[in-house]
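K.L.:
Dropping the structure in here first, questions after.
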Amino acid sequence: SLDQQIIARLSEMGLSTGRDVQCIRRGPLGGPMVMQLGGSVFAMEHDLAARIQISPTD
Numbered sequence: 456s457l458d459q460q461i462i463a464r465l466s467e468m469g470l471s472t473g474r475d476v477q478c479i480r481r482g483p484l485g486g487p488m489v490m491q492l493g494g495s496v497f498a499m500e501h502d503l504a505a506r507i508q509i510s511p512t513d
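For reference, each letter of the sequence shown is one residue, going 456 to 513 in my numbering.
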């Protein structure tokens, strides 16, 4: 299913439950977001990023 494909793609990027990820920059007009996960920096489409549930850290 599409959701399983998305989960697999996010896992390949290193994203998983409990990982700290930081949004460095948001693209204009719904463009890609630049994210940092550990020592890696990558761009993620806005529609994919919108499907990720996040919560702020202390």
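Glycine residues also receive a C-beta, built at the ideal position from the N, C-alpha and C atoms. Everything numeric in this text was worked out from a predicted model, so none of it was measured.
How far does the alpha helix (DSSP H) with LEU503 in it reach, from first residue to last?
P.N.:
501-504
K.L.:
Judging by CA-CA distance, which residue of GLY493, ALA498 and ALA504 is the nearest neighbour of ARG571?
P.N.:
The chain is shown only over 456 to 513; residue 571 falls outside these bounds and no answer can be derived.
K.L.:
Which value, in whole angstroms, describes the spacing of the CA atoms of MET490 and GLN459?
P.N.:
21 Å
K.L.:
Between MET468, GLN477 and GLY469, which has its C-alpha nearest PRO511's C-alpha?
P.N.:
GLN477
K.L.:
Quick check: what's the CA-CA separation for PRO483 versus ASP502?
P.N.:
13 Å
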